[in-house]
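J.: In the working numbering, the protein residues as written are 43 to 465.
Don't be surprised by glycine CBs; every beta carbon is placed ideally from N, CA and C.
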Amino acid sequence: MEQLVKQSKPLILTFKTPLGFYFYETNRNEIVAVNEQLYKYIDAVMQDDEQEIHQFGEEVVCQYDDLKDCGYLCTNHVKEIRHPATDELELFLERKIDSITLQVTQSCNLRCSYCVYSEDGYPSQRSHSEKMMSFETAKKAVDFYFMHSMDTKHPNISFYGGEPFLNIELIKRVVDYAKKVFEGRNITFTTTTNATLLTDDLIDYLAENKFNLMISLDGPKSIHNQNRVFAVNRKGSYDTVIKNIGNMWKRHPEFAKTVSISMVINPENNYEEINRLFNDRYIKKMRCLHSIVEKDDGEMVNYADEYVNGSLYNQFIGILSMVGRFKKDGVRKTAIDEIENMEHEMQKIRYGVLGDIAAPGGPCIPGKMRLFIDYKGDFFPCERINETSECMHLGSLDTGFDMNNINSLLNIGKLTEDDCKDC
């Protein structure tokens, strides 16, 4: 009964600021400004306060009805939480896997302080090890991907570690084999590296094979070397990385233009100091993607005032550039990344009345977007998840997909179905 009463009310959220009164219209994804009296009337309707409702005059009631006539204050509620891809799940995994990621090694020559595979303080994760994927497993993975990507327009194989280039010989064999298997389908290859192993020969190889390459670099020397140190001597890796990036630009400048920087930001540092990295003559030409360092133990990350102020200011400048009020070349690289993410998320928003069946935004189709295959041949949704978690295990090369587990992950919104219906 309580659920029926809830679903007869408008699916909105009222809120006010020092400057005005508003409600968020869920079905239209709009924020609507109203006067104070109408705001109080809407609040009374939402509270089912009959006594309060009758206190308002005809003018306010007419304003409310006018909004309803214009399609606002809609009472459409979701009846069932179920991912729209549920019925086609087997088809997606049978013919439409976008990309696979091969864990070619669990070994790494760096020991980054925030790495989830670090020996210190991450008990829920695996640790670095010398385990390597065999060519037999990699070959089976390529064959599996070929058979399950018949409808994929742009097949891609990504290599993951550890540091992937510690197993470069396997990578080369996989590239050669995949090109033969996917002949005529223009397969591409992707990897992220710490860039300490980029020899002349390796740079030439990556350029010749048109790798989508991302290099991990966390800021100028003073910041990068706080976290990204060599395993053998705990010395910072910045000088080696910068030297190799410079060499890449000299040997293959056109390829270097396609390479991007992956930056893990520690918000305890100064925002402007972090962005000094882009004074480098090569780095400033490269696209930058960034994320904020996380703590596995759930402890809050401390954001320094200097970082917060600098970040918010530059986000604001970035938004001004989006609407043509500021030149884009004056926006910090880290802010450009945030604005592009914002634009991407806005494009994904669906407009229109809610359907009877919906699901919370966020979950991908497990195994479809970038199926992660570990060194043993076990399946996981992607490389970012915890490999020790049974609920994240999607099957293996030997057994195929575990459809029950995949369906449960896809429809994780079922755990909070009643709350989601009224969100």
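1) Contact check, residue 380 vs residue 360 under 8 Å by CB: the rounded distance?
2) Following the continuous beta strand (DSSP E) through residue 167, name the residue where it begins and the one where it ends.
3) Could you check if residue 277 is buried or exposed, using at least 16 other CB atoms within 10 Å of its CB as the buried criterion?
4) I need the straight-line Cα distance from residue 383 to residue 97, nearest angstrom please.
5) State the beta-bridge partners of residue 332 as determined by DSSP.
6) Per DSSP, what are the beta-bridge partners of residue 66 in this structure?
7) Are the CB atoms of residue 424 and residue 414 within a distance shorter than 8 Å?
8) Using DSSP's beta-bridge definition, name the partner residues of residue 202.
9) Tell me which residue opens and which closes the beta strand (DSSP E) that residue 414 is part of.
10) Specify the secondary structure class of residue 254 as computed by DSSP and reduced to three states.
11) Can you check whether the CB of residue 156 is closer than 8 Å to the CB of residue 168?
12) Quick one: what does DSSP say residue 432 is sitting in, helix, strand or coil?
13) For residue 427, does the three-state DSSP call read helix, strand or coil?
14) Let me know if residue 130 comes out buried or exposed under the rule of 16 or more other beta-carbons within 10 Å of its beta-carbon.
15) Please classify residue 93 as buried or exposed, where buried requires at least 16 neighbouring CB atoms within 10 angstroms.
16) Can you give me the C-alpha to C-alpha distance between residue 267 and residue 118, rounded to a whole angstrom?
17) Tell me whether the beta-carbon of residue 298 lies closer than 8 Å to the beta-carbon of residue 290.
18) Going by the DSSP bridge assignment, what does residue 230 pair with across the sheet?
19) Tell me, which residues are paired with residue 235 by DSSP?
20) One question on the structure: do residue 215 and residue 246 come within less than 8 Å of each other, judged by their Cβ atoms?
21) What are the residues that DSSP puts in a beta bridge with residue 174?
22) Determine contact between the region 227-234 and the region 242-259, defined as no fewer than three beta-carbon pairs at a distance below 8 Å.
23) Pick helix, strand or coil for residue 160, following the three-state DSSP scheme.
24) Less than 8 Å between the beta carbons of residue 192 and residue 417, yes or no?
25) Would you mind reading off the limits of the alpha helix (DSSP H) that contains residue 134?
26) Per DSSP, residue 438 is paired with what?
27) With burial defined as no fewer than 16 other Cβ atoms inside 10 Å of the residue's Cβ, what is the status of residue 16: buried or exposed?
T.: Taking the definition as stated:
1) Working through the sequence shown from its first residue, we reach residue 380 at position 338. Working through the sequence shown from its first residue, we reach residue 360 at position 318. A Cβ-Cβ separation of about 7 Å places residue 380 in contact with residue 360 under the 8 Å criterion.
2) If you number the sequence shown from 1, residue 167 lands on position 125. Residue 167 -> no beta strand (DSSP E), and no H or E assigned at all.
3) Along the sequence shown, one-based indexing puts residue 277 at 235. It is exposed - the Cβ of residue 277 has fewer than 16 other Cβ atoms within 10 Å.
4) As a first step, residue 383 must be located in the sequence shown, where it is residue number 341. As a first step, residue 97 must be located in the sequence shown, where it is residue number 55. If I take the Cα positions, the gap works out to 47 Å.
5) By one-based count along the sequence shown, residue 332 stands at place 290. Looking at the DSSP output, residue 332 shares a beta bridge with 305.
6) Along the sequence shown, read from residue 1 onward, the residue named residue 66 stands at position 24. Partner(s): 55 and 73.
7) As a working note, residue 414 is residue 372 in the sequence shown. As a working note, residue 424 is residue 382 in the sequence shown. Yes, Cβ-Cβ distance for residue 414 and residue 424 is below 8 Å.
8) Here residue 202 refers to the residue found at position 160 when the sequence shown is read from its first residue. DSSP lists 145 as the bridge partner or partners of residue 202.
9) Position 372 of the sequence shown, counted from the first residue, corresponds to residue 414. Membership of residue 414 in the beta strand (DSSP E) is indicated by the continuous run 413-415.
10) Sequence index remark: in the sequence shown, residue 254 carries index 212 (1-based). In the structure shown, residue 254 adopts extended strand secondary structure according to DSSP, grouped into three states.
11) Start at 1 with the first residue of the sequence shown, and residue 168 comes out as number 126. Start at 1 with the first residue of the sequence shown, and residue 156 comes out as number 114. Result no, Cβ atoms of residue 168 and residue 156 do not sit closer than 8 Å.
12) Here residue 432 corresponds to residue number 390 of the sequence shown, with the count starting at 1. Reduced to three states, the DSSP call for residue 432 is helix.
13) In the sequence shown, the residue the question calls residue 427 occupies position 385. Three-state DSSP puts residue 427 in coil, outside helix and strand.
14) Sequence index remark: in the sequence shown, residue 130 carries index 88 (1-based). By the beta-carbon neighbour count (other beta carbons within 10 angstroms, threshold 16), residue 130 is exposed.
15) On the sequence shown, residue 93 is found 51 positions in, with the first residue counted as 1. Counting Cβ neighbours within 10 Å, residue 93 comes out exposed, since fewer than 16 surround it.
16) The count along the sequence shown starts at 1 and reaches residue 267 at position 225. The count along the sequence shown starts at 1 and reaches residue 118 at position 76. In this structure, the alpha-carbon of residue 267 lies about 54 Å from that of residue 118.
17) Against the sequence shown, residue 298 aligns to sequence position 256. Against the sequence shown, residue 290 aligns to sequence position 248. A contact, by the Cβ cut-off of 8 Å.
18) Mapped onto the sequence shown, residue 230 falls at position 188. Answer is 198, bridged to residue 230.
19) For the purposes of this step, residue 235 is identified with residue 193 of the sequence shown, where counting begins at 1. According to DSSP, which records beta bridges pairwise, residue 235 is partnered with 257.
20) What you label residue 215 is simply residue 173 of the sequence shown in a count that begins at 1. What you label residue 246 is simply residue 204 of the sequence shown in a count that begins at 1. No, Cβ-Cβ distance for residue 215 and residue 246 is not below 8 Å.
21) Residue 174 sits at position 132 when you count from the first residue of the sequence shown. Note: residue 174 is bridge-paired with 147 in the DSSP secondary-structure output.
22) Note that the region 227-234 touches the region 242-259; at least 3 beta-carbon pairs, one per stretch, sit closer than 8 Å.
23) Here the question's residue 160 lines up with position 118 in the sequence shown. It is coil, neither helix nor strand.
24) As a working note, residue 192 is residue 150 in the sequence shown. As a working note, residue 417 is residue 375 in the sequence shown. Between residue 192 and residue 417, the CB-CB gap reaches or exceeds 8 Å.
25) Locating residue 134 in the sequence shown gives position 92, counting from the first residue. For residue 134, the enclosing alpha helix (DSSP H) starts and ends at 131-137.
26) The residue you call residue 438 lines up with position 396 of the sequence shown. Paired residue(s): 420 and 442.
27) Here the chain comprises residues numbered 43 to 465, so residue 16 is not present and cannot be evaluated.
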